[in-house]
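Structure record follows, encoded as structure tokens.
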Amino acid sequence: GSEFVANDVHFGPQDSLLLITGPNMAGKSTFIRQVALITLMAQIGSYVPAKSATIGLVDRLFTRIGASDELHAGQSTFMVEMIETANILNNATERSLVILDEIGRGTSTLDGLSLAWAIAEHIACDVRCRTLFATHYHELTDLAERFKGVRNLNVAVREWEDQVIFLHRIVEGGTDRSYGIHVARLAGVPKPVLERARQLLGELTVQHVGRPRLSRSRKSDRQADDSQLPLFVDPAQELQQALAQLKPDELTPLQALELLQQWKQKYCR
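Be aware that the sequence shown starts at -5, since it is given in this note's numbering, and climbs by one per residue.
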């Protein structure tokens, strides 16, 4: 069998929300569930599987894990997810422990990302309870730079000869890679499908460059009208913003060429 990998965890009032990113099968869900179970065992006075543990009192333990439909109640996976999330946001206190796994995955990418961002922001700024938030939305790692009490963790992997090795170790910092195509290969997805997926990934990555980033403000829509994108954008300013957000080291030569072709078609008419 596989050797067990022990991971330490430490968080409190100064860093109450731990945002955990990393690829599928790396161990994010196992890590956050083990913290929930150990906390529950400690609350009932049980021994816990750790060399040492200091765990404060928890008034409630909330979890939003897994995907399930309530077909008999006419509720979709996403509706169930939002009902459970609403219960957490409405009832959690500073002494609660909240476990969130992949919030927002039941809807479109932009809707899911927006909801996940707002939920994490609300917990960090308003509820301020101890929270483990596992997510595939790498954009959320920006929260640590914008709000106090948010800390990024990721599950370490090692790349070797076109292989990805999952180390199952929790380390500091965020990550911007999911290795989803690698996981699909491990699952036995046909090679032509994988090759097409890699091609599409390169194209989508190029298209994604230069998109506006999420706003820093927590103002309401009515208060934030000034931050909305104008109807007519100056092409020079738009290109300058795209260049400022570009990360050349992360682009392949083919992606860079495609990006230049897109800019030529868009701005050289």
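Cβ atoms here follow ideal geometry from the backbone N, Cα and C, with glycine treated the same way.
My understanding is that residue i touches residue j, with C-beta atoms under 8 Å, so please give their C-beta distance in whole angstroms.
i	j	result
F127	L94	5 Å
A118	G143	5 Å
R54	T79	So it is not a contact: roughly 15 Å between Cβ atoms.
V141	E166	In the sequence as presented, Val is not what sits at residue 141; that position holds Phe. F141 to E166, Cβ: 17 Å. No contact.
T129	T15	6 Å
G174	T246	So it is not a contact: roughly 18 Å between Cβ atoms.
D9	R145	4 Å
L161	A150	4 Å
V187	H176	Their Cβ separation, rounded to whole angstroms, is 13 Å, which puts V187 and H176 out of contact at 8 Å.
I82	F56	4 Å
Have a look at the options and flag the residue whose alpha-carbon is nearest the alpha-carbon of residue i.
i	options	result
R163	D120, I26, L137	I26
I38	Q28, F5, V52, S90	V52
G21	N81, E155, L31, F(-2)	F(-2)
M35	I49, K45, I77	I49
L12	M19, D2, I77	D2
R152	S172, L137, P184	S172
K260	A86, L240, E75, A236	A236
P7	N85, R89, V183	R89
Q234	L251, D243, S40, W257	W257
D120	S40, S46, T87, L137	T87
Q28	L198, A44, R179, A250	A44
S46	M19, A0, V74	A0
T169	Q249, E244, L248, I77	E244
P17	A178, Q69, P242, I77	A178
Suppose the cutoff is 8 Å on Cβ atoms and the five residues either side in sequence are ignored; what does the same chain contact list for residue i look like?
i	result
H4	none
G106	I97, G98, R99, G100, Y131
L266	The chain is shown from -5 up to 263; residue 266 falls before or after that span and cannot be answered.
N85	R54, F56
Leaving aside the five residues before and after residue i along the sequence, list all residues of the same chain whose C-beta is less than 6 Å from its C-beta, in chain order.
i	result
T125	L11, V92, I117
L109	G98
Please name the residue or residues paired with residue i in a DSSP beta bridge.
i	result
F160	V151
T125	L11, V92
F5	BP columns for F5 are empty, so no partner.
E115	For E115, which the question treats as bridged, DSSP gives no partner whatsoever.
R58	L94
Skipping 5 residues on each side, what residues in its chain have a beta carbon closer than 7 Å to that of residue i?
i	result
R192	I175
V42	I32, M35, A36
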